[in-house]
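Chains as they are written, first to last, in the numbering used here: chain A, 8 to 212; chain B, 8 to 212; chain C, 8 to 212; chain D, 8 to 212.
Even glycine gets a Cβ: it sits at the ideal position worked out from N, Cα and C.
This report refers to the structure that appears directly beneath it.
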DNA sequence: CATGAATGAGATTTCATTCAT
DNA sequence: GATGAATGAAATCTCATTCAT
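As structure tokens, then:
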């Protein structure tokens, strides 16, 4: 009997498509609620094809965690060399100019909780976070945020936690939250602060 | 032959036990990963008994959302009458003195995502958030944070998003994050700010 | 919506039923070709019920291996105290008087191959076989089969291998093989043998 | 871009390679547990190539059954003209000198059960077995094993069942079983037997 | 001849829910 | 009120087979 097949693409292309599909779905519905069938169908394939490209559902998840964290680290690294303010980190993580694409970083707690339940990936994540914090410290100390009263590590945790919280609210209640305004607010709070004022001189970004 | 039965408690007691059990589990593992069996076993009952007290899994979830949001609203309402600073909201939500009990507020995105997927509860949540924001605005404006340059609604969103982010990181990576230090940092950032300084005079809480 | 349920039996009864059902099917079709659905349906249950009684398909298999080998050992132990001839072992293993019930011992190689692929069960099986061989040696040496020219351990292996071979042929081609005649033949070969003749005196069984 | 391909061999060569590969795998793991992918990979090909050479998995199985049984028949035919004792049949089936190559006869019950479930092959097998039995009878009666008390057909079944049983134990628990010793034992049992003694005179092989 | 991406049927397993006792 | 055996829908995963290149 004959079988209708989707056009064949290279494994590389398909892997990318499937990763992107999975990322969107995991973000929107969480790891558990997302089925392999959905991931595959979103790119016009069947379950079977999914298993040709990935060993199992957990594997695509691992790959995604690595991708996301790698991206995250790369971005923060990149910013750190440009004399950034803490708010600049938010700006870039939210993809320039507040245009937040919900398929871009899947900073979603379900994703995290799932990830943290697997020792291998948990270690990877803790290491990643340390690197991101280091990048942040490098970046902001070079741009005048070094201050005896503020522990820069705490400021990093503060910034990234704020990012997570904004991100989540953005995902869950997009109508309520205005990301660019929030970033501006963060920037304003820091710029008009005694703690940094004298250190940084004029605050043009 | 006789069957071992748990001592029969009043329906009211059992409901409370089950709600508490479900809350802890939903927080720790997410709605989907938590089974009815686990919820029941945690209080020494069987699945069957669960269905005597709740119509189904979604119902206990609804009840929990209402409970949690009610609590959240009550707390913020209470603080708002005590001339709070924004950081005070964090302080109280994190249960005073930085001692965070992980079973207290289940502000976990999986919980949210699940909740937002049900229209009835989505409306409820949006309304709750609006009330919480109003409580915040009431509170901080009475304590001198009214400032033409800062939109207080934005400051509320900022504060609650920060709370969410800190909370999540606390749940996922407890070893990395020092909640009291973060609250202090938030407080410091606001207190030493030009924007509020002249308006508020002395900042002792 | 309402559900039609099979009459409820005690877990103990159901386990026995399911074990028996699985034994017959594994014997007839092999482990792999037998589905959990079939095992359950054969006793009027659904897949779901199967998983209430057994953790998974491998577990029922383990239990069965233990049951079968335990039975095998017990039988050979029992015979060994009754001055048996080697053929008596076959007789009893084939359940008295050649009436072979195909659901009795599942001495089937698929069963074995599957079992041997799991280290835990492999050790168990090797130990069992050693015990069975010991029982055989005990039994036949007490009834005059001790003979310097014949290694009794070899005779044991010979007897049990013959049993396996007959059993398999009986399962696969029942029309071709006459078990009682084969047992008689084995007995005759031994009884009319110089090696044992002088040792055993008259050979009445 | 170019694709790595195995060197193209004649269809005949490939068929033989695939048959040999399949035989080894079916013996080791059973028909069901063996995948087409494994069969192909073992000779450096892909699934697709397999389907160029064989219509489907069942076909290669049929071909194998015929090959194996043909071999079996040919061997027994050959021996039967050499005045064999029953033990000689074992000897030859086990490939002279006790050096058992596990890839030679796949006399494995999974193989049989699978085969017997297909009527065409079942008839073929029953006929084969009859011929093998006839070869045996021809052989041993010419060498003095004709005896009124022993039905030679039973002796044939006995011998081949013993072979099966030894073979299986050899495959499953190679460390426990000493094939040459078993063959010797069989020979000894027959040689020192009243039933044949007077008929056969001296028994040197 | 051979590749390798894709299919689809079917197997194992999970779990919310039902219900007789 | 509570038990625990049973259901059934849905999810994950496997693998024989197809087919464009």
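Residue i burial status per 10 Å Cβ neighbour count (16 or more: buried)
{"i": "residue 66 (chain D)", "result": "exposed"}
{"i": "residue 103 (chain D)", "result": "Confidence at residue 103 (chain D) is low in this model, with a pLDDT of 40, below 50, so its placement is unreliable and the value that follows should be read with caution. Looking at its Cβ environment, which holds fewer than 16 other Cβ atoms inside 10 Å, residue 103 (chain D) is exposed."}
{"i": "residue 176 (chain D)", "result": "buried"}
{"i": "residue 78 (chain A)", "result": "exposed"}
{"i": "residue 121 (chain D)", "result": "buried"}
{"i": "residue 30 (chain A)", "result": "buried"}
{"i": "residue 42 (chain B)", "result": "exposed"}
Cα-Cα separation, residue i to residue j
{"i": "residue 36 (chain B)", "j": "residue 27 (chain D)", "result": "51 Å"}
{"i": "residue 96 (chain A)", "j": "residue 160 (chain B)", "result": "23 Å"}
{"i": "residue 80 (chain A)", "j": "residue 64 (chain D)", "result": "50 Å"}
{"i": "residue 171 (chain C)", "j": "residue 57 (chain C)", "result": "31 Å"}
{"i": "residue 198 (chain D)", "j": "residue 32 (chain C)", "result": "42 Å"}
{"i": "residue 169 (chain C)", "j": "residue 130 (chain D)", "result": "25 Å"}
{"i": "residue 60 (chain D)", "j": "residue 44 (chain D)", "result": "14 Å"}
{"i": "residue 145 (chain D)", "j": "residue 73 (chain C)", "result": "44 Å"}
{"i": "residue 201 (chain C)", "j": "residue 188 (chain D)", "result": "19 Å"}
{"i": "residue 196 (chain C)", "j": "residue 194 (chain D)", "result": "11 Å"}
{"i": "residue 22 (chain A)", "j": "residue 54 (chain C)", "result": "35 Å"}
{"i": "residue 143 (chain D)", "j": "residue 62 (chain C)", "result": "49 Å"}
{"i": "residue 85 (chain C)", "j": "residue 164 (chain C)", "result": "18 Å"}
{"i": "residue 47 (chain A)", "j": "residue 157 (chain A)", "result": "48 Å"}
{"i": "residue 49 (chain D)", "j": "residue 9 (chain A)", "result": "28 Å"}
{"i": "residue 20 (chain A)", "j": "residue 18 (chain D)", "result": "34 Å"}
{"i": "residue 138 (chain B)", "j": "residue 190 (chain A)", "result": "23 Å"}
{"i": "residue 124 (chain A)", "j": "residue 71 (chain B)", "result": "24 Å"}
{"i": "residue 34 (chain B)", "j": "residue 180 (chain B)", "result": "14 Å"}
{"i": "residue 203 (chain B)", "j": "residue 69 (chain B)", "result": "40 Å"}
{"i": "residue 132 (chain B)", "j": "residue 140 (chain B)", "result": "12 Å"}
{"i": "residue 15 (chain A)", "j": "residue 52 (chain D)", "result": "21 Å"}
{"i": "residue 166 (chain A)", "j": "residue 94 (chain A)", "result": "8 Å"}
{"i": "residue 118 (chain B)", "j": "residue 90 (chain A)", "result": "38 Å"}
{"i": "residue 98 (chain A)", "j": "residue 13 (chain A)", "result": "40 Å"}
Those residues which DSSP pairs with residue i across a bridge
{"i": "residue 200 (chain A)", "result": "B:200"}
CB-CB length for residue i against residue j, believed under 8 Å
{"i": "residue 192 (chain C)", "j": "residue 162 (chain D)", "result": "7 Å"}
{"i": "residue 147 (chain A)", "j": "residue 92 (chain A)", "result": "7 Å"}
{"i": "residue 82 (chain A)", "j": "residue 100 (chain A)", "result": "6 Å"}
{"i": "residue 135 (chain C)", "j": "residue 76 (chain C)", "result": "4 Å"}
{"i": "residue 186 (chain A)", "j": "residue 173 (chain A)", "result": "6 Å"}
{"i": "residue 40 (chain C)", "j": "residue 40 (chain D)", "result": "Not confirmed; about 10 Å, so no contact."}
Secondary structure, alpha helix (DSSP H): runs of 4+ residues fully inside the segment 63 to 104 of chain C: For the segment 63 to 104 of chain C, whole alpha helix (DSSP H) runs of length 4 or above, ordered along the chain, are 64 to 87 and 93 to 100.
Any alpha helix (DSSP H) of 4 or more consecutive residues that is wholly inside the segment 26 to 61 of chain A: If we require 4 residues or more, the alpha helix (DSSP H) runs fully inside the segment 26 to 61 of chain A come out as 43 to 48 and 54 to 60.
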